[in-house]
Structure formats: structure tokens, C-alpha cells
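**Q** Going by UniProt numbering, the first residue of the sequence shown is number 1, and it counts up by one from there.
C-beta atoms are modelled at their ideal positions from N, C-alpha and C, and glycine is treated no differently.
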Amino acid sequence: MYKRTFRELTDYIGQLELSPSEQLMILTADKSSHHVPELINLMNSKNIRFFGGVYAALLSENKMEREGFIVQKYEPLYCSIVLPYLMRFNLDPKDLENTTALVLVDGLSSKYKDLTDTVYNKVGKTVTYIGGGAGHYDLQHRPCIYDHKGMYKDVLYICIVKGALELAVEHGWRKMDGPFTITQSNGNTLAEIDHQNAFEVYKDIIEQEENLRIGKEDFFSFAKDHPFGIQKKGQFEIVVRDPIGVNDNDEIVCVADIPKGSQVYVLKGNANTLLASSVQIADYCAKRAPAKYRPLLFDCISRAMFLEDRFDTELSNIQAHLKYPVEGALSIGEIASRKNGEIIIHNKSTILGLLPLEENC
Numbered sequence: 001m002y003k004r005t006f007r008e009l010t011d012y013i014g015q016l017e018l019s020p021s022e023q024l025m026i027l028t029a030d031k032s033s034h035h036v037p038e039l040i041n042l043m044n045s046k047n048i049r050f051f052g053g054v055y056a057a058l059l060s061e062n063k064m065e066r067e068g069f070i071v072q073k074y075e076p077l078y079c080s081i082v083l084p085y086l087m088r089f090n091l092d093p094k095d096l097e098n099t100t101a102l103v104l105v106d107g108l109s110s111k112y113k114d115l116t117d118t119v120y121n122k123v124g125k126t127v128t129y130i131g132g133g134a135g136h137y138d139l140q141h142r143p144c145i146y147d148h149k150g151m152y153k154d155v156l157y158i159c160i161v162k163g164a165l166e167l168a169v170e171h172g173w174r175k176m177d178g179p180f181t182i183t184q185s186n187g188n189t190l191a192e193i194d195h196q197n198a199f200e201v202y203k204d205i206i207e208q209e210e211n212l213r214i215g216k217e218d219f220f221s222f223a224k225d226h227p228f229g230i231q232k233k234g235q236f237e238i239v240v241r242d243p244i245g246v247n248d249n250d251e252i253v254c255v256a257d258i259p260k261g262s263q264v265y266v267l268k269g270n271a272n273t274l275l276a277s278s279v280q281i282a283d284y285c286a287k288r289a290p291a292k293y294r295p296l297l298f299d300c301i302s303r304a305m306f307l308e309d310r311f312d313t314e315l316s317n318i319q320a321h322l323k324y325p326v327e328g329a330l331s332i333g334e335i336a337s338r339k340n341g342e343i344i345i346h347n348k349s350t351i352l353g354l355l356p357l358e359e360n361c
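1. Under a three-way DSSP split, which group does F236 fall into?
2. Hey, is P325's beta-carbon within less than 9 angstroms of any beta-carbon in chain E?
3. Short of 8 angstroms in beta carbon distance, which residues of its chain neighbour A57, apart from the five on each side in sequence? Order them along the chain.
4. Excluding sequence positions up to five away, which residues of its chain have a Cβ less than 7 angstroms from the Cβ of L355?
5. My output table needs one value for N197: the three-state DSSP class, helix, strand or coil.
6. For residue 426, which residues in the same chain have their Cβ closer than 6 angstroms to its Cβ, ignoring the five residues on either side in sequence?
7. Out of curiosity, what's the CA-to-CA distance linking residue 362 and D312?
8. Under the three-state reduction of DSSP, which class applies to E308: helix, strand or coil?
9. With DSSP as the reference, label H34 as helix, strand or coil.
10. If you pair each beta-carbon of the segment 79–94 with each one of the segment 118–137, do three or more pairs fall below 8 angstroms?
11. Once you ignore the five residues that flank I193 on each side, which residues in its own chain have a CB closer than 8 angstroms to its CB?
12. In whole angstroms, what is the alpha-carbon distance linking D283 and Q231?
13. Please check the pair E133 and Y112, which I expect to be a contact at CB under 8 angstroms, by giving their CB distance rounded to whole angstroms.
14. Taking its Cβ as the centre, do 16 or more other Cβ atoms sit within 10 Å of Q208, making it buried, or is it exposed?
15. DSSP has F180 in a bridge; who is on the other side?
16. Consult DSSP for I26 and reduce its assignment to one of helix, strand or coil.
17. Considering only the beta carbon of each residue, do T350 and E334 sit closer than 9 angstroms?
18. Over the uninterrupted beta strand (DSSP E) stretch that includes E61, give me the two end residues.
19. Go through its chain and collect everything with a Cβ distance to L42's Cβ below 8 angstroms, but skip five positions before and after it.
20. According to DSSP, is C144 part of a helix, a strand, or is it coil?
21. Just to confirm the assignment, what range does the alpha helix (DSSP H) spanning T273 have?
22. Over the uninterrupted beta strand (DSSP E) stretch that includes L104, give me the two end residues.
23. On the three-state DSSP scale, how would you describe E209?
24. Is it buried or exposed, F236, if we count other Cβ atoms within 10 angstroms and call 16 or more buried?
25. In angstroms with no decimal places, state the Cα-to-Cα distance between K94 and I160.
26. Please check the pair C144 and V246, which I expect to be a contact at CB under 8 angstroms, by giving their CB distance rounded to whole angstroms.
27. Hey, N340 and K125: beta-carbon distance below 9 angstroms or not?
28. Give me whichever residues DSSP pairs with L156 in a beta bridge.
29. Pull up the DSSP beta-bridge partners for I335, would you.
30. Can you tell me whether DSSP reads Q72 as helix, strand or coil?
31. Excluding the five sequence neighbours on either side, which residues of its own chain have a C-beta within less than 6 angstroms of the C-beta of H35, listed in chain order?
32. If you follow the beta strand (DSSP E) that F222 is in, where does it begin and where does it stop?
33. Our contact map puts I344 next to V239 with C-beta atoms below 8 angstroms; I'd like the distance itself, whole angstroms only.
34. Let me confirm a value: H148 is counted as buried when at least 16 other C-beta atoms fall within 10 Å, else exposed. Which label applies?
35. From S110 to E22, what distance separates their C-alpha atoms?
36. Per DSSP, what kind of secondary structure is R294 in: helix, strand or coil?
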């Protein structure tokens, strides 16, 4: 349920009926993030358990909202804050058949991959993962995940609920040049491509292909149009990585990791290929939809920047295929399960999941 103002949110929470086993997930839009301390105090005063994250924007039906809140009620099997390599988990993964893990994570953390690895090593591949990286619209790293104890950065929050998600992931980007080998990297920072400075190689590729001159100062303006794509040997799938900055050593900073030794391509897309990919996931999920469901959507912030005015078309295309209102967020990294159950961080992608609900919900 989307609420535009904090007053609307408090009124809505005030009339909710919650059992002791239920919790609220509350997503907050960047422009309303100043209300989070007040929200935490309110929820604690009412003894309501909750968790949430600050996102660049919220997605409600066919609209992108820069302010407001999305509230969803869940009855978790397990909920917890996760730190890198530190997670208390006392459930047997074998008992998690037909469950879904909602994952909110600090999208600008250099520990992003460590956090998702920590979850996967504990929870395994029986659950279906869906979620996205939280963070502010200006891409400045500060606390963005919260619960009853406060706000945090460099953490992940996981909530496992009943129901097997129908899940689809697409991006619409195509290979422009490559493959190249990442010969030196450190987490989400690329130092060398084919034994040469990463920024210089990337810059040369784009200048040659697009016939333009570029520099560090306008990096994001061209990088948002030319992400990296990782393709493992023998696999058709390309996992997109979003370059978001250049550091003082001319190393490229990405959202999430690109391991040393990876084979990567420089990708290119246009509005039509991206919009077609979002229609594809909506159609896929709609054909497999349960009788009643909650649509969850995580769409990349830089994808929205790339599509500009046509991003509304992407949201409308998705909502038009679905019976129930879409809710979600613009994310910094999108989290989903691979077909083999492995948890994967995507960039510049659209992730749609349909969570089955009881008929009386």
C-alpha cells in the first residue's frame, strides 16, 4: 500500500490489525527519508515489528514516486539483520521449500557481495530470492536500512516468508565490444582490463564506437549508456554491471563486484530494447500467475535515468499485464535467484516477482 505523506502513513498504520507473528516492511522514498527516525519511534511506541529501507524512488502501479512510503504486511518464518560473514540462522534450509526471501541491502556498500554471499552460505538455494539495493538518489553512501533499533549502512536485511515466487529477470542490453578479461579488481572496483588501466580501456572503447570524446568529469553521462556484461564460459546469460564512478587511481567503481579473471563485454542498448525486455518479464509472470498474488518490482535507478520520460512506459507496460497493483522500488543493484537457486546481484535490470497470497488476504 502506497502512502504519499507521513500523516497518511501513520493513519494507515493506526488502523492496521496485526497479530504478534506479523511484521511490516516499510519502504521509504528518498525525499521522505527525513521521517525515518520519527517512523522508528512511532513503531516502537506501538510495539510493531518492522524493517525497511530508503530507496531513490518507489514504484506504485504505473508511477515512480520520489516521496512517500510503501507498507506491506508479512508473517515471517525468519527475519534478521545480516553483517558481512555474520548471520545467526537456526532454520534447516531443507525446510524452506516453497518460500521466498525478501532482501533489502545497502546498495552502495563495498561489502554488497560479501553480504549476499553470507546469506547464500547460510540459507542456500531452496528459497527464491528477490530484492534490491537501497540508497539515496544522489548515490552518496549513508545509512539506508532500518529496523526498530535504528538506521544502518553496510548491512543486509532478510525476511523469509511462505510462498514460492514466480520470478523473471531481464535487462535488454546487447554486446557492443569484447570480450575482455578483468586482470585486476578489488570487489566492486576495476583496476585493469587486459593488463591496462581500466578507465583508459573503457574510455577508448566508447570513443571509438560512439565517435565522441569523454573524460572523468562526465563519466556517468556516458557510463549509464554502456554497462559491463559478465558472461561465464558455456552460459548464455549475461549479468550486467553498472559503472557509477572513477576513483583517484583511474579505477572504475561499479555497483557490485566483477571478480578478477571475469570475461566481460561493453554493452549498449536503446529505449526500445529495454522496454521490450520489461514487457517480456511481465508476460512471463502473468502466464504463470497464481490466483491471488502480490507483484514485487525492483527496477534499476540508472535504467530509469537512461529511459528518462519513457520509464513511465516501462511501468505501464508491466502493470498492464498484471491483475494486482505493482509495488516496489528503484534499486541500486537488483537481487534474484538463478534457475539453479544461486543468489545473483544484477545491475541495470528489471526484476519482477509474483508472491502468492491466501485467497482471504
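**A** With the given structure in hand:
1. coil
2. The structure shown contains no chain E; it is built from a single protein chain.
3. A29, D30, M64, E65, R66, Y137, I301, A304, A329 and L330
4. T100, G163, L165, Y293, R294 and L296
5. strand
6. For residue 426 there is no data in the structure shown, the boundaries of the chain being 1 and 361.
7. Any answer about residue 362 is impossible in this case: the structure gives the chain only from 1 up to 361.
8. helix
9. helix
10. yes
11. F180, T181, I182, T183, V201, Y202 and V264
12. 25 angstroms
13. Just to set this straight, residue 133 is Gly in the shown sequence, not Glu. Between Y112 and G133 the Cβ distance is about 7 angstroms, and since that is below 8 angstroms, they are a contact.
14. exposed
15. V264
16. strand
17. yes
18. E61 -> no beta strand (DSSP E), and no H or E assigned at all.
19. T10 and I13
20. coil
21. A271 to K287
22. T99 to D106
23. helix
24. exposed
25. 14 angstroms
26. Incorrect: roughly 23 angstroms between the Cβ atoms, too far for contact.
27. yes
28. V82 and V105
29. G131 and I345
30. strand
31. F6
32. Per DSSP, F222 belongs to no beta strand (DSSP E); it is in the alpha helix (DSSP H), F219 to A223.
33. 6 angstroms
34. exposed
35. 32 angstroms
36. strand
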